[in-house]
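A.B. asks: Residue 6 is where the sequence shown starts when you use the numbering used here, and the numbers rise one by one after that. For every residue, glycine included, the Cβ atom is placed at its ideal position computed from N, Cα and C. Since the structure is predicted, the reported quantities are computational estimates derived from the model, not experimental observations. One structure is given below, represented as structure tokens, and several questions about it will come after.
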Amino acid sequence: MPTSVGYQTILQKIGGSDNIFLTSHQNCPDAIGSICALIAYLKSQNKKFYPYLAEPVPKLLMSLPESSEIKTVKPNLDVFDLCLVVDAGDLKQTHLERELQAIINNKSGKNTVINIDHHETNEHFGHLNLVDHNASSTCEIIYLLLETLDYPLSPGIAEALLTGIVGDTGNFTNAATNEQSLKIAAELVWRGANIFQIIQHLYSTEESINTLRLWGKIFQRLTYNHKYDIAISYVLQKDLKECSVGEEVVEVVANFLNYIRRIKAGILIKERADGTFKVSLRSTYPGIDVSELAKILGGGGHKKAAGFSLKNLGFNLPL
Ligand SMILES: [Mn+2]
């Protein structure tokens, strides 16, 4: 296992860079919370920066401070002297695999790739890697990074960081909830983050009746496979249309599969707009590491929460 560098190395590199590119994997609370907190930090240091995500920030995260700074237009990465990739287990997830790999292969030293993440399956792709599997979230790592600087966290940064922790701990219900994540969460609340509002934003959207109707469809379809001790359900694009909801409301549903006791794993298959499928895996069962399966199938994640993509399912869903 490659080793991670210390906080000081990362902070020195950021301090010595003038034009910084920021990116992450997808539109989840941890990814966007991490980017928003870093934007606020870089602004306070008078750095030039360009935050990029392949998809626009979803509505339920738009209230995060600095989220309006995030761009969806790919820049030329050669103009930056530092690329910070956060909460992404591998380069493929950034939708910039080719561009970032070219920078990693270029030995000129003009542009450095830093990888900050907490996924079990992280590939340590950066020139510098800060990967902490024990952290609940990338937001927790960024908190620890800023803490070493004695940096005064604004209420806005506290809100962004707590959003990531709430998201990745599933509202402090999954195995990532531990003494450290709770202590940091308490500190962030003390710094001005409103935990009630964060949970409201993440879980109770304006269209919450439609969201619950969609969840109802997904739970109605749950089937239990006795042979493998797994529960499976699925959601299709036509379900989203019928319930007038966006894809982001599906993200949290997989976490509810953890409420089924004594199963080895819960599986949720989601049809994407382009006709491909995202498969989310969850488990609370001792000794089960769902990231192992996700990795074999080209995906990644954590021991207890992982996922992978499929072009075709190879079987028909019972429509
Ligand atoms: Mn994360």
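Is Val84 helix, strand or coil when you go by DSSP?
C.D. replies: Counting from one through the sequence shown, the residue named residue 84 turns up at place 79. Helix.
A.B. asks: Which two residues bound the contiguous alpha helix (DSSP H) that contains Ala107?
C.D. replies: Position 102 of the sequence shown, counting from 1, holds the residue named residue 107. Run containing Ala107: Glu102 to Asn110, per the alpha helix (DSSP H) assignment.
A.B. asks: If you count every other CB in all the chains shown that lies within 10 Å of the CB of His231, and 16 or more means buried, which is it?
C.D. replies: Against the sequence shown, residue 231 aligns to sequence position 226. His231 comes out exposed.
A.B. asks: So what's Ser288 in DSSP terms, helix, strand or just coil?
C.D. replies: In the sequence shown, residue 288 corresponds to position 283, counting from 1. Note: Ser288 maps to coil in three-state DSSP.
A.B. asks: Can you give me the start and stop residues for the alpha helix (DSSP H) that Thr117 sits inside?
C.D. replies: Position 112 of the sequence shown holds residue 117. No alpha helix (DSSP H) contains Thr117, which is instead part of the beta strand (DSSP E) from Thr117 to Asp122.
A.B. asks: Taking only the alpha-carbon atoms, compute the straight-line gap between Tyr55 and Gln225 and give it to the nearest angstrom.
C.D. replies: Within the sequence shown, residue 55 is the residue found at index 50, counting from 1. Within the sequence shown, residue 225 is the residue found at index 220, counting from 1. Each residue's alpha carbon lies about 43 Å from the other.
A.B. asks: Does the count of Cβ pairs from the stretch 8-19 and the stretch 64-74 closer than 8 Å reach three?
C.D. replies: no
A.B. asks: Determine the burial state of Gly319: buried for a count of at least 16 other Cβ atoms within 10 Å of its Cβ, exposed for fewer.
C.D. replies: Walking along the sequence shown from the start, residue 319 turns up at place 314. Its Cβ having fewer than 16 others within 10 Å, Gly319 is exposed.
A.B. asks: Spatial neighbours of Val171 within its chain, please: CB distance less than 8 Å, with the 5 preceding and 5 following residues excluded, ordered by chain position.
C.D. replies: By one-based count along the sequence shown, residue 171 stands at place 166. Once the five neighbours on either side are set aside, the close Cβ partners of Val171 are Pro34, Phe177, Ala190, Ile200, Ile203, Ile204 and Leu207.
A.B. asks: What does the Cβ neighbour count give for Leu101, buried or exposed, with the cut at 16 atoms within 10 Å?
C.D. replies: In the sequence shown, the residue the question calls residue 101 occupies position 96. Here Leu101 is buried. Its C-beta has 16 or more other C-beta atoms within 10 Å.
A.B. asks: For Pro56, which of helix, strand or coil comes out of DSSP?
C.D. replies: Taking the first residue of the sequence shown as position 1, residue 56 is located at position 51. In the structure shown, Pro56 sits in a strand (DSSP, three-state: E or B).
A.B. asks: Provide the residue(s) that pair with Gly271 in DSSP beta bridges, ordered along the chain.
C.D. replies: In the sequence shown, residue 271 corresponds to position 266, counting from 1. Looking at the DSSP assignment, Gly271 forms a beta bridge with Ala236 and Arg287.
A.B. asks: Let's see if you can read the secondary structure: which residues bound the beta strand (DSSP E) around Pro25?
C.D. replies: The residue you call residue 25 lines up with position 20 of the sequence shown. The amino acid at residue 25 is misidentified as Pro; the sequence shows Ile. Counting along the chain, the beta strand (DSSP E) containing Ile25 begins and ends at Asn24 to Ser29.
A.B. asks: Just the Cα atoms here: how many angstroms apart are Ser113 and His132?
C.D. replies: Looking up residue 113 in the sequence shown gives position 108. Looking up residue 132 in the sequence shown gives position 127. For Ser113 and His132, the gap between their C-alpha atoms comes out near 12 Å.
A.B. asks: Less than 7 Å separating the Cβ of Asp137 from some heavy atom of ligand 1?
C.D. replies: Residue mapping note: residue 137 aligns to position 132 of the sequence shown, counting from 1. No, the Cβ of Asp137 stays beyond 7 Å of every heavy atom of ligand 1.
A.B. asks: Between which two residues does the beta strand (DSSP E) containing Ser141 stretch?
C.D. replies: Taking the sequence shown and counting its residues from 1, the one referred to as residue 141 is at position 136. Here Ser141 belongs to no beta strand (DSSP E), and DSSP marks it neither H nor E.
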